[in-house]
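Going by the numbering used here, the sequence shown opens with residue 5, and the numbers climb by one from there.
Please read the structure below before turning to the comments.
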Amino acid sequence: MIKLAIIGTGNMAKQHAIEFAKIKGVSIIACCDVDATRAKAFAEAHKIPYVFTNAAKMMDELELDAVTIVTPDAAHKPVALEAAKHGLHILCEKPLAVNARDAKEMMQAARRRKLITMVNFSYRGSSALQKARELVAAGRLGAITHVEASYMQGWLHRVSDAPEIGSSTLWRLSTKMGSNGTLGDIGVHIFDFATCVAGDIASLSCSLATFPKGVHGAKYKGAVLDANDSAAAVVRFRNGGVGCIHTTRWAGGHNNSIRLRVYGDKGSLVVDLDKSWSDLDVFLRSKDAKQAAWKTIKCAPTPNIYQRFVKSIVSGKNDQPDFETGWKVQQYLDACFASARKGKAVEI
Ligand SMILES: NC(=O)c1ccc[n+]([C@@H]2O[C@H](COP(=O)([O-])OP(=O)(O)OC[C@H]3O[C@@H](n4cnc5c(N)ncnc54)[C@H](O)[C@@H]3O)[C@@H](O)[C@H]2O)c1
């Protein structure tokens with residue numbers, strides 16, 4: 005039995021509790037949150053026996069096998085380093101860290117102890133994405149020429165027009181609270197989504213924008229709302245292809261729209277999660293194929309991240325996306341910030 009603890013018991017932790025509870029061979033024996041009331045309520049809701057407010061103390065006192073880290077981004081690193089010190093396998097929420105240097109330190113600490121690591125790039129649970137990755141890796145699209153990837157949300161607008169902003173939203177809007185804005189929150193997903201299919205990025209140029217929220221001095225409840233709201237990157241892949249990867253929280257009318265279009269010299273594919281997580285649209289060139297002869301492949305279900313994590317612990321073989329992938333994606337985000345600052349393209 006894998007004895008697991010959930011660290012951070014806010015919004016996203018609920019999904020971790022529900023998904024891990026479904027997996028045979030896993031027992032969620034503890035949860036931890038710096039907010040004692042929240043931790044207690046979470047433990048009661050999910051029938052978790054032990055409750056802590058300090059992660060290090062919990063790791064000292066309990067015999068755990070693994071932890072899942074669901075704290076705000078800035079706390080991922082200290083908690084993960086503590087878990088690595090205790091020899092615990094780690095699933096960490098995205099983004100792995102707040103910069104590539106920290107992500108690398110986390111990766112190295114886990115490697116030294118030969119731990120299983122995974123980053124919750126949850127959209128890898130799409131079987132259409134997994135099939136797309138497989139087709140590109142098998143060369144079915146030929147040489148990759150062009151990629152377009154977008155992640156659009158529309159929940160953010162002026163604070164004065166918005167419903168009450170709670171603590172879970174506030175830290176996402178403020179760099180002082182450890183947020184890398186839209187880029188760090190959802191941009192991290194689309195960079196992983198695109199590169200897990202189309203390959204690594206060699207260089208990129210990025211524009212970032214922060215829009216007025218309609219509050220005096222961009223301040224709200226003591227926080228400065230300075231984190232980026234939109235990011236648009238033009239990228240060059242190591243395989244020679246080029247592409248656009250962009251994301252915003254200001255795309256009115258979109259709840260959570262993720263789309264990837266990959267073109268190669270032998271074919272094209274589209275994954276559109278608004279339409280389906282399991283349908284993959286593919287066009288493969290042939291002599292008699294019409295220009296728009298697209299087919300939809302119905303892809304068989306693939307494991308989600310929680311299942312991948314547990315399977316990796318049991319088999320001792322780290323499935324993707326591990327901390328190395330998290331570190332790689334973090335380098336793309338760092339490059340976006342550097343490029344926006346310098347006003348020119350940056351090598352990875
Ligand atoms: N994979 C996804 O699709 C997805 C979706 C949403 C959120 N997330 C990620 O999940 C993480 C949490 O997001 P959320 O929306 O649940 O945030 P949240 O603010 O609702 O919850 C975070 C919780 O962590 C607690 N906490 C803070 N520091 C802590 C520490 N050192 N030890 C223990 N607990 C601590 C807070 O008190 C809070 O209860 C973030 O990294 C976010 O980017 C991922």
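Using N, Cα and C, we set each Cβ at its ideal position, and we do this for glycine too.
For Cys200, the three-state secondary structure derived from DSSP is helix. Straight-line measurement puts the Cα of Gly256 at about 16 Å from the Cα of Pro216. Put simply, of Val228, Gly226, Ala202 the residue whose alpha carbon is nearest the alpha carbon of His150 is Ala202. For Trp175, the Cβ falls inside the 8 Å cut-off from some heavy atom of ligand 1. Distances taken from the Cβ of Met156 to the heavy atoms of ligand 1 include none shorter than 8 Å. Taking 9 Å as the cut-off, the Cβ atoms of Thr75 and Gly170 do not count as close. In terms of Cβ geometry, Ala227 and Gly185 do not form a close pair [threshold 9 Å].
With respect to Pro99, Val350 sits apart: the two C-beta atoms are not nearer than 9 Å. For Ile52, the secondary structure class from DSSP, reduced to helix, strand or coil, is coil.
Residue range 246-252 is occupied by the beta strand (DSSP E) that includes Gly247, with no alpha helix (DSSP H) assigned at that position. Within 8 Å of the C-beta of Glu97 there is at least one heavy atom belonging to ligand 1. For Cys210, the enclosing beta strand (DSSP E) covers residues 205-213. With a threshold of 8 Å, the Cβ atom of Asp189 counts as near ligand 1, since some heavy atom of the ligand is closer than that.
The C-alpha of Gly129 lies about 22 Å from the C-alpha of Leu145. DSSP lists Ile205 as the bridge partner or partners of Phe241.
Taking Asp64 as reference, the option from Ile52, Ala87, Pro82, Met181 with the minimal CA-CA separation is Ala87. Contact check for Leu187 against Leu337 passes: the beta carbons are separated by less than 9 Å. When Ile317, Val238, Ile148, Ala34 are compared, the shortest CA-CA separation from Gly245 is found for Ile148. When the five nearest sequence neighbours on each side are left out, the beta carbons in the same chain lying within less than 8 Å of the beta carbon of Pro53 are those of Ile33, Ala34, Ala47, in order along the chain. Shown here, His90 sits in coil according to DSSP, grouped into three states, outside any helix or strand.
Taking one beta carbon from each stretch, the stretch 173-185 and the stretch 296-310 have fewer than 3 pairs nearer than 8 Å; the two do not touch. Under the three-state reduction of DSSP, His258 is assigned to coil, being neither helix nor strand. Spatial neighbours of Phe56 in its own chain (CB-CB distance under 6 Å, excluding positions within 5 residues in sequence) are listed in chain order as Cys36, Met62. For Ile194, the shortest separation between its Cβ and any heavy atom of ligand 1 does not lie below 8 Å. Short of 8 Å from the beta carbon of Arg242, and not among the five residues preceding or following it, lie these beta carbons of its own chain, in chain order: Gly203, Asp204, Ile205, Ala206. Going by DSSP, Cys36 is part of the beta strand (DSSP E) stretching over 30-36. The shortest CA-to-CA distance from Cys340 to any of Ile352, Ala297, Val140, Trp331 is the one to Ile352. Nearest neighbour of Asp285 by Cα position, chosen from Trp298, Ala40, Leu277, turns out to be Trp298. Ile194 carries a helical assignment under DSSP once its states are collapsed to helix, strand and coil.
As DSSP reads the structure, Glu351 sits in a beta bridge with Ser207. Between Cys96 and Val140, the C-beta gap is not smaller than 9 Å, which leaves the two residues out of contact.
Scanning the stretch 267-333 from its first residue to its last, the whole beta strand (DSSP E) runs of 3-plus residues come out as 271-276, 283-288, 299-302. Residue pairing from DSSP places His150 in a beta bridge opposite Val246, Tyr267. When DSSP reads this structure, Val228 sits in a beta bridge with Lys223.
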